[in-house]
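First comes the structure, then the notes that go with it.
Protein chains: 2
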Amino acid sequence: MKLEERKGILKFPKATFERLKLYHALLTQIRLEEKREYILSEEIAEALRITPEQVRKDFSFLETNGKPKVGYYIPELLGELDELFGTKERENIIIVGAGHLGKALANYKGFKDIGAQVVAIFDNDPEKIGQMVGEFMILPLKDLPRVIRRFKVKIAAICVPEKAAQEVADLLVGYGIKAIWNFSTKILDLPDDIIIQNEDITRGLLGIKHMLAERANIER
Amino acid sequence: MKLEERKGILKFPKATFERLKLYHALLTQIRLEEKREYILSEEIAEALRITPEQVRKDFSFLETNGKPKVGYYIPELLGELDELFGTKERENIIIVGAGHLGKALANYKGFKDIGAQVVAIFDNDPEKIGQMVGEFMILPLKDLPRVIRRFKVKIAAICVPEKAAQEVADLLVGYGIKAIWNFSTKILDLPDDIIIQNEDITRGLLGIKHMLAERANIER
DNA sequence: TCATATTCGTGAAAAATATCACGTTATTCT
DNA sequence: AGAATAACGTGATATTTTTCACGAATATGA
Numbered sequence: 002m003k004l005e006e007r008k009g010i011l012k013f014p015k016a017t018f019e020r021l022k023l024y025h026a027l028l029t030q031i032r033l034e035e036k037r038e039y040i041l042s043e044e045i046a047e048a049l050r051i052t053p054e055q056v057r058k059d060f061s062f063l064e065t066n067g068k069p070k071v072g073y074y075i076p077e078l079l080g081e082l083d084e085l086f087g088t089k090e091r092e093n094i095i096i097v098g099a100g101h102l103g104k105a106l107a108n109y110k111g112f113k114d115i116g117a118q119v120v121a122i123f124d125n126d127p128e129k130i131g132q133m134v135g136e137f138m139i140l141p142l143k144d145l146p147r148v149i150r151r152f153k154v155k156i157a158a159i160c161v162p163e164k165a166a167q168e169v170a171d172l173l174v175g176y177g178i179k180a181i182w183n184f185s186t187k188i189l190d191l192p193d194d195i196i197i198q199n200e201d202i203t204r205g206l207l208g209i210k211h212m213l214a215e216r217a218n219i220e221r
Numbered sequence: 002m003k004l005e006e007r008k009g010i011l012k013f014p015k016a017t018f019e020r021l022k023l024y025h026a027l028l029t030q031i032r033l034e035e036k037r038e039y040i041l042s043e044e045i046a047e048a049l050r051i052t053p054e055q056v057r058k059d060f061s062f063l064e065t066n067g068k069p070k071v072g073y074y075i076p077e078l079l080g081e082l083d084e085l086f087g088t089k090e091r092e093n094i095i096i097v098g099a100g101h102l103g104k105a106l107a108n109y110k111g112f113k114d115i116g117a118q119v120v121a122i123f124d125n126d127p128e129k130i131g132q133m134v135g136e137f138m139i140l141p142l143k144d145l146p147r148v149i150r151r152f153k154v155k156i157a158a159i160c161v162p163e164k165a166a167q168e169v170a171d172l173l174v175g176y177g178i179k180a181i182w183n184f185s186t187k188i189l190d191l192p193d194d195i196i197i198q199n200e201d202i203t204r205g206l207l208g209i210k211h212m213l214a215e216r217a218n219i220e221r
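Following this line, the structure appears as structure tokens:
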């Protein structure tokens, strides 16, 4: 294990970091839905289908401590995770592509829980430009530079068809975008210093199919 | 390393399996867009931001061999991956929730590339029932049992608001659904034998925010 | 044809991650 | 208050995954 503490910022194992996101989501939900104060590692583990040991080990990288027989104090734990993920620091994002997917994103209400805020949605279809999506008016691509500058946007969600994705990504990078949140299935070719997060949903489906097939095999 | 070969079915390391999905997506794209026959591990690695050694190691679990100085023969490689993922065996899926997200899924054309097929979309809003989404008419939830039986549906995509997700999931499981493809942010509580694939997009955004913050730190 | 330059294939080593085991601590019950 | 019990914290161990290093194979060009 090779952890570094640099300028007070704890570094987590990558795998732990991934699970911290899950804990954050779970705890955020519990806080909204239930009026409970404490949660056991066992309960978290069951909800996320992992082991309690894993949960406790992950939390050992945090400051928050649990109490034997009682569990972790949810407000404290969630507070630390919020801090860690910077949910208080707002990051502005733009959406390119106002199809169903782009509209779904534009209407999503959960961004504020993770410190994000949609500031505009774009499309190049003259029919769509000017229409409203929730609180946003669909803007033409030529407005991209202005909006990116005005709102200091670093993150852009790409919701255009596969054929157009690379072109749009290049455009965005040209305008100074630092991270591409890619909802198209196209595997983008971009400079190394540009962050790419692919949300290609078909991967999840392949996983499901494989598990179903595996299960069918075992049962026979 | 502890691999098993059981009834002719090779078991892969889990991490390798995840990357095989990426190779499959990349090669599928290349076959459609370009007219090339061979690809180097180096090229694959660059596109996916991993190392060529990793690619070659992963492929070492497959039958397909590459040729030094030439690379891997794309049709053979893709053929083996298609076989592995069962893209020829069609799995029927239903969509519950005809909001923007459900509609986006219903209109997605890439399912056939991975051996899946949407057969119906459902909603409980009387306003929406009967409307068309692409080629599908939105059906009421009471039709669920009939459709599930008729099309032998094992996979259901949940595209309803967070508040309704658990209830819908329970309903689906009651009707015999085996795998839940969860597009809501709700962390579902379901029997262990039900496969759950969460597509909660906010996790990806947390990752982006973290990388941006990390980068800003390094640069200072 | 032979030398050279690439690129593949894959054991071996290193690194990362998960599991185990058990001491510690907080609560509950008598 | 003291004993019993349940759950946390974490070093040690086991497993998984990645990286390294180098021999083998293939194309290219003199």
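Protein sequences appear in the order of chains A and B. Read in order, the letters of the first sequence are residues 2 to 221 in the working numbering. Read in order, the letters of the second sequence are residues 2 to 221 in the working numbering. Heads up, the beta-carbon is just placed ideally off N, CA and C, and yes, glycines get one too.
Buried or exposed (CB count within 10 angstroms, at least 16 for buried), residue i
| i | result |
| --- | --- |
| glycine 177(A) | exposed |
| glycine 9(A) | At glycine 9(A) the pLDDT is 41, less than 50, meaning the model places this residue with poor confidence; the figure from the coordinates comes in the next sentence. By the neighbour-count rule (16 or more Cβ atoms within 10 Å), glycine 9(A) is not buried but exposed. |
| leucine 33(B) | exposed |
| threonine 186(B) | buried |
| glutamate 6(B) | With a pLDDT of 41 at glutamate 6(B), under the threshold of 50, the modelled position of that residue is not reliable, and the figure given next carries that caveat. Under this definition glutamate 6(B) is an exposed residue. |
| arginine 20(A) | buried |
| isoleucine 45(B) | buried |
| valine 56(A) | buried |
| lysine 210(A) | buried |
| isoleucine 149(B) | buried |
| isoleucine 228(A) | Missing from the structure shown is residue 228(A); chain A here goes from 2 to 221 and no further. |
| lysine 3(B) | Reliability of the predicted coordinates at lysine 3(B) is poor, the pLDDT of 39 falling under 50, and no value is obtained from them. |
Residue nearest to residue i in terms of C-alpha spacing, selected from the options
| i | options | result |
| --- | --- | --- |
| glutamate 92(B) | Leu23(B), Lys179(B) and Val169(B) | Lys179(B) |
| phenylalanine 184(A) | Gln198(A), Asp171(A) and Leu172(A) | Gln198(A) |
| lysine 155(A) | Gly67(A), Gln30(A), Ile181(A) and Leu172(A) | Ile181(A) |
| arginine 216(A) | Arg50(B), Pro127(B), Asp193(B) and Ile45(B) | Asp193(B) |
| lysine 129(A) | Phe152(A), Asn108(A), Gly100(A) and Ile115(A) | Gly100(A) |
| aspartate 190(A) | Tyr39(B), Gln30(B), Ile75(B) and His211(B) | Gln30(B) |
| isoleucine 48(B) | Leu28(B), Glu136(B) and Glu64(B) | Looking at the sequence shown, residue 48(B) is not isoleucine but alanine. Checked all of Leu28(B), Glu136(B) and Glu64(B); the closest Cα to alanine 48(B) is Leu28(B). |
| serine 42(A) | Glu35(A), Gln132(A) and Pro69(A) | Pro69(A) |
| arginine 204(B) | Gly116(A), Ile188(A) and Ile219(A) | Gly116(A) |
| glutamate 35(A) | Glu200(B), Leu82(B), Thr65(B) and Lys164(B) | Lys164(B) |
| cysteine 160(B) | Glu136(B), Asp171(B), Ile51(B) and Leu106(B) | Leu106(B) |
| glycine 208(A) | Val169(B), Glu200(B) and Leu207(B) | Glu200(B) |
| glutamate 64(B) | Val71(B), Leu82(B) and Phe86(B) | Leu82(B) |
| leucine 79(B) | His25(B), Ala157(B) and Leu213(B) | His25(B) |
| alanine 157(A) | Asp126(B), Asn125(B) and Leu213(B) | Leu213(B) |
Contact set for residue i: own chain, Cβ-Cβ below 6 Å, skip 5 residues either direction
| i | result |
| --- | --- |
| lysine 104(B) | Val134 |
| phenylalanine 123(B) | Val97, Leu140 and Leu142 |
| glycine 67(B) | Tyr73 |
| phenylalanine 13(A) | Phe62 |
| alanine 166(A) | Ile159, Ser185 and Lys187 |
| valine 71(A) | Tyr39 |
Cβ neighbours of residue i in the same chain (closer than 8 Å, five flanking residues each side left out)
| i | result |
| --- | --- |
| glutamine 118(A) | Arg91, Glu92, Asn93, Ile94 and Phe112 |
| aspartate 144(B) | Ala121 and Phe123 |
| isoleucine 195(B) | Val174, Ile178, Lys179, Ala180 and Ile181 |
| proline 75(B) | Correcting the residue type first, residue 75(B) is isoleucine in the shown sequence and not proline. Same-chain partners within the cutoff: Leu28, Ile31, Arg32, Arg37, Glu38, Tyr39 and Ile40. |
| leucine 23(B) | Leu49 |
| threonine 52(A) | Ala46 |
| glutamine 132(B) | Ala99, Met138 and Ile139 |
| leucine 172(B) | Leu142 and Leu145 |
Nonlocal neighbours in the same chain, by C-beta distance under 7 Å from residue i, ignoring five residues either side
| i | result |
| --- | --- |
| threonine 17(B) | Asp59 and Phe62 |
| aspartate 114(B) | Thr29 and Thr88 |
| valine 169(A) | Val97, Ile159 and Val161 |
| lysine 153(A) | Asn93 |
| proline 146(B) | Tyr176 |
| tyrosine 109(A) | none |
| glutamate 136(A) | none |
- Selection of the region 58 to 75 of chain B by Cβ proximity to chain A, strictly under 9 Å: none
- Scan the region 12 to 67 of chain A and note each continuous alpha helix (DSSP H) run of 4 residues or more that stays entirely inside, going in chain order. 15 to 34, 42 to 49 and 53 to 60
- Task: Anything in the region 148 to 167 of chain A with a Cβ closer than 7 Å to a Cβ of chain B? List those residues in chain order, please.
- Result: Lys155 and Ile156
- What are the residues of the region 112 to 142 of chain A that lie near chain B, defined by any Cβ-Cβ distance shorter than 7 Å? Ile115, Gly116 and Ala117
- What alpha helix (DSSP H) runs, 4 residues minimum, are completely inside the region 111 to 190 of chain A? 145 to 151 and 163 to 175
- May I ask you to list, following chain order, the residues of the region 22 to 38 of chain A that have a beta carbon less than 8 Å from some beta carbon of chain B? Lys22, Leu23, His25, Ala26, Leu27 and Gln30
- Proximal residues, the region 77 to 92 of chain A versus chain B, C-beta separation under 7 Å: Phe86, Gly87 and Glu92
- Message: Output needed in chain order: residues of the region 194 to 208 of chain A with a Cβ under 7 Å from some Cβ in chain B.
- Response: Ile196, Gln198, Glu200, Asp201, Ile202, Thr203, Arg204, Gly205, Leu206, Leu207 and Gly208
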